[in-house]
Amino acid sequence: MLKNAIVLAVVVTILLSIVILSAQYGDDIQLLFNSWLEGKPKALVKLHIHIPSGYGNCSVIVHRFPTKYNPTADGYTTLIHRGKSPSGRTVTVKDVINMYQVGTVESEEGKRYLYDSPEYYVGVICVNKNDVYSFSKIVQTIITKPITDVDIHAELKKRSRAGDRQSGSNFAMLASSEPVSCSITIDETSGEPIYGQDYWAKGYCVASTKLAYLNSIPGLKTAFGITGLDSAMYLEGWAAACYTTDIEHCPTSFWDSAGKKLVIFVTTKKTDYISNGERAVVWGSVYYQYEYYAWYDSDFYTYFIYEIIYPKDIGGLHSLQIIGSYTPPSPPPPYARGPFKGDVDLYFPADTLTDIKLPVSTSISVSIGPVSFTISVSPYKAESPQYDPPYVSVIDISGRNYGWYYWWYKDDDPLNYEIEFYG
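Quick note, in my numbering, the sequence shown goes up one by one and the last residue is 730.
Shown next as structure tokens:
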């Protein structure tokens, strides 16, 4: 009975919101209202893409990444918008999604219902005389109401075609001495490339990627854990956007970080424990997806091309890489928790979003047929309020029967994937 009352209250709240907003959003509200009457509630995401002036004519591309409640046909992204616009304008792209409640989230107005919140790839390619400018970004949303407005400011970067397309020499500054290999396997294409027609290809690879640091002190043993499909974290994605007169890859110098991408854990796993002051790096087996699109523009007899490499899920955790000893400060910082005794699982709270990377990264050598280059993939501090964060398992092996150890998030930052200790 109580559950039915709660569900009714949610429906009434959303329908009242729809009525209040109808004067502002017109036909969009009618579409959403009808979906609720049919028992299949929808939400509207409006992406406002602001293009600065002075960059000539631009192509604007938007894809949506799949989620559990807003899947795509093949598990890759789905095209939402592809069109042209002069620079200096704002292009608004609308996407209607399934509105499925997944939890609650804190906001300035207090606690609100949280709904399945997709991510989008936004690409802008501008051509001004012979100069090429582009912008690529993975955009997050937090859906708490029937209509969500998202502002994206296209920070266009001038691109250079200098450098060898095949060698990836422009990425030497990102490479480590031993980059992890990630060879793309193409599993879908639109057929044979034919001049004057659109073309796409999709593929994948699996690469070991650094996820976090793990510390221990004498008397404690620690491990890093995840709780299956309910767990997620953010890792870096990469993209390139260009235009050419033929179906080919963008030059390696066009590749840039596209920001953070939500990555789901697909298994429940805990690493081995470390102890006695050991310090280690946590590695995960990450499934990356690759997408290539060549869009033919018959007005200018050229192709607008964009490519994306992004992490989709983490299939497991590897054996820990011991990298030396952990030396705790003396005394512990004032924000340390404790003293404690006994065992505990310490989670990283998921209450905010940030674009700040963690100080651990993996150099990954990507090969797509004859093309090879190296990217740098970092985890981000941000956690998704839609999923559980990873955790650190702490086991007290000291035999002491009193509170003797302290712990704290590195730099007093609960979003930082590193727990520190003193004891």
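C-beta atoms are modelled at their ideal positions from N, C-alpha and C, and glycine is treated no differently. No experiment lies behind these values; they were computed from the predicted model shown.
Given a length threshold of 4 residues, the stretch 345-423 has no whole run of the alpha helix (DSSP H) inside it. Excluding residues up to 5 positions away in sequence, S523 and K528 lie with their Cβ nearer than 6 Å to the Cβ of S582 in the same chain. Ranked by Cα distance from A539, the first of G526, L569 and L653 is L569.
Put simply, the backbone Cα of T661 is about 21 Å away from that of Y420. In this chain, the beta strand (DSSP E) harbouring I621 covers T609 to L624. Taking 8 Å as the upper bound for CB-CB distance, E690 and F655 are in contact here, some 6 Å apart. Given a length threshold of 3 residues, each whole run of the beta strand (DSSP E) inside the stretch 486-543 is given here in chain order: 487-490, 492-496, 506-522 and 527-534.
Between V701 and V651 the beta-carbon gap is near 5 Å, inside 8 Å, which marks them as a contact. Pairing A548 with E462, the inter-Cα distance amounts to about 13 Å.
By the neighbour-count criterion, in which 16 or more other beta carbons inside 10 Å mark a residue as buried, Y502 falls on the exposed side.
Your pair P486 and T681 checks out as a contact, with CB atoms roughly 5 Å apart and the cut at 8 Å. Ranked by how close their Cα comes to the Cα of K464, the residues T451, Q447, Y440 and V457 have Y440 in first place.
A direct Cα-Cα distance of roughly 16 Å separates I612 from G510. The Cβ neighbour count for R644, taken over all protein chains shown within 10 Å, is under 16; the residue is labelled exposed. Here V352 is actually not in contact with P692; their C-beta atoms are around 17 Å apart, not less than 8 Å.
With fewer than 16 neighbouring CB atoms inside 10 Å of its own CB, P393 falls in the exposed class. Inter-segment contact for the stretch 397-405 and the stretch 368-380 is present: three or more beta-carbon pairs are separated by less than 8 Å.
Note on I629: under 16 other CB atoms within 10 angstroms of its CB, so exposed under the neighbour-count rule. Boundaries of the beta strand (DSSP E) harbouring K568: D563 to F572, taken from the DSSP string.
Rounded to the nearest angstrom, the Cβ distance from L665 to K688 is 6 Å, consistent with a contact under 8 Å.
Contact between N723 and Y716 is confirmed by a C-beta separation of about 6 Å, below the 8 Å threshold. In the three-state reduction of the DSSP assignment, T634 falls in the coil class, being assigned neither a helical nor a strand state. If you draw a straight line from the Cα of L653 to the Cα of H460, it comes to about 37 Å. In this structure, the alpha-carbon of P425 lies about 7 Å from that of N377. A straight-line Cα-Cα distance of about 11 Å links V431 and A546. W343 carries a helical assignment under DSSP once its states are collapsed to helix, strand and coil. For D553, the closest alpha carbon among the candidates Q504, L542, T516 and T575 is that of Q504.
Taking 8 Å as the cut-off, the beta carbon of P686 is found no closer than this to the beta carbon of Y595. In this model, A601 and K619 are separated by some 22 Å (Cα to Cα). In this structure, the straight-line span from the alpha carbon of D719 to that of Y642 is close to 7 Å. Counting C-beta atoms within 10 angstroms of its own C-beta, A587 has 16 or more neighbours from the protein chains shown and is therefore classed as buried. Its chain contains P486, S488 and T681 as the residues whose beta carbon lies nearer than 6 Å to that of S672, once the 5 sequence neighbours on both sides are disregarded; these appear in chain order.
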